[in-house]
Amino acid sequence: MGKLEGKVAVITGGATGIGRAAAKRFIAEGAFVFIFGRRQDALDAAVAELGPNARAVNGSVSDEADLDRLYRAVKAERGALDIVFANAGAGSMLKLGAITAAHIDETFDTNVKGTIFTVQKALPLMGQGGSIILTGSSAGTTGAPGMTAYSASKAAARNLARTWAEDLKGTGIRVNVLSPGATATELAKQALGEEGQKVFASMMPLQRMADPAEQGAAAAFLASSDSSFMTGSEVAVDGGLAQL
Ligand SMILES: NC(=O)c1ccc[n+]([C@@H]2O[C@H](COP(=O)([O-])OP(=O)(O)OC[C@H]3O[C@@H](n4cnc5c(N)ncnc54)[C@H](OP(=O)(O)O)[C@@H]3O)[C@@H](O)[C@H]2O)c1
């Protein structure tokens, strides 16, 4: 029997990359998974791979009406929700001196406001034994050039888990952060090319980038009762990058 047998999960950004790897792992462990994202073609391709225990809902985490539609779909088909993996995230680089208000708004609308409403709107469907996982980043701990908005938004995710562990006292719902280091998603591989991937790998104590499945395995751990005494924590799956 899988460690997520009978559980219902929502994964934002679940059509690609880390979210898709987590969806695959959650389903292999027995869960039914709703993936959420803006690109219908990516959602369709993911559901075709993930099979009958996956559903897709199209929308943006920065649009409250879209999130309401997501949770209405979950309620209509499954009635309740056990796991929320608030994983959708994005970021681009601008060095101090070139930062614009639009750049900050875009990053924070998705990574901070989007994460807050993804979780807040899920709560009426959740109860005892529920698990919330936020995707942080090693960038939330380290300093890196040009990463002002993204790194600050991921540092915010770390504090959201701490604050919500307080706010959720007595509900039986846990909340933790999964903080990946450089992970070789399809997008990252395309964007970095062979040389870029070697550069990232060389920065890691483990001397390689993560496979998305390694992030999916950590997400499944945080989603399951294997992590039942953890809340408010950060799990770094970063090859040691932000730990030394
Ligand atoms: N890969 C890495 O090295 C790495 C390292 C540390 C942290 N992370 C974090 O890991 C998470 C997943 O990223 P990834 O690496 O797997 O990259 P990815 O493949 O680009 O995944 C990002 C996902 O988020 C979705 N998304 C973006 N904005 C959204 C919005 N407004 N509403 C709904 N969905 C949205 C995207 O789908 P649509 O565009 O179709 O909406 C996409 O499926 C992100 O939070 C990222 O910051 C990644």
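Mapping the sequence shown onto the UniProt record's numbering, position 33 (from 1) lands on 33, and the numbers just tick up by one. Backbone N, C-alpha and C define an ideal beta-carbon position, used for all residues, glycine too.
{"Query": "Below 8 Å on the Cβ atoms is my contact criterion, and I expect L67 with K121 to pass it. Report the Cβ-Cβ distance as a whole number of Å.", "Result": "5 Å"}
{"Query": "For M147, which beta-bridge partners are listed by DSSP?", "Result": "L94"}
{"Query": "For G193, which residues in the same chain have their Cβ closer than 8 Å to its Cβ, ignoring the five residues on either side in sequence?", "Result": "none"}
{"Query": "Who are the Cβ neighbours of A145 in its own chain at under 7 Å, not counting the five residues just before and after it?", "Result": "Checking the displayed sequence, the identity of residue 145 turns out to be Pro instead of Ala. If we look at P145 and ignore the five residues flanking it on each side, its Cβ neighbours are K95."}
{"Query": "Kindly identify the DSSP beta-bridge partner or partners of L134.", "Result": "A86, V177"}
{"Query": "Given the structure, does A15 come close to ligand 1, in the sense that its CB is under 7 Å from one of the ligand's heavy atoms?", "Result": "yes"}
{"Query": "With a threshold of 6 Å on Cβ separation, who are the neighbours of E5 within its own chain once the five nearest residues in sequence on each side are excluded?", "Result": "G30"}
{"Query": "Which ranges would you report for the alpha helix (DSSP H) in the region 147-223 if only whole runs of at least 4 residues count?", "Result": "148-167, 186-203, 212-223"}
{"Query": "What are the complete alpha helix (DSSP H) segments, minimum 4 residues, inside the region 4-60?", "Result": "17-28, 40-50"}
{"Query": "Could you check which residue in K75, A157, R174, A165 has the C-alpha nearest to that of P180?", "Result": "A157"}
{"Query": "Pick out whichever of A15, G19, K3, K7 has its Cα sitting closest to the Cα of L134.", "Result": "G19"}
{"Query": "Which residue from V235, G51, L70 puts its Cα closest to that of E214?", "Result": "V235"}
{"Query": "Please report the straight-line C-alpha distance between K24 and G216, rounded to a whole angstrom.", "Result": "8 Å"}
{"Query": "A242 by DSSP, collapsed to three states: which one?", "Result": "coil"}
{"Query": "Taking three-plus beta-carbon pairs below 8 Å as touching, is the region 226-241 in contact with the region 39-55?", "Result": "no"}
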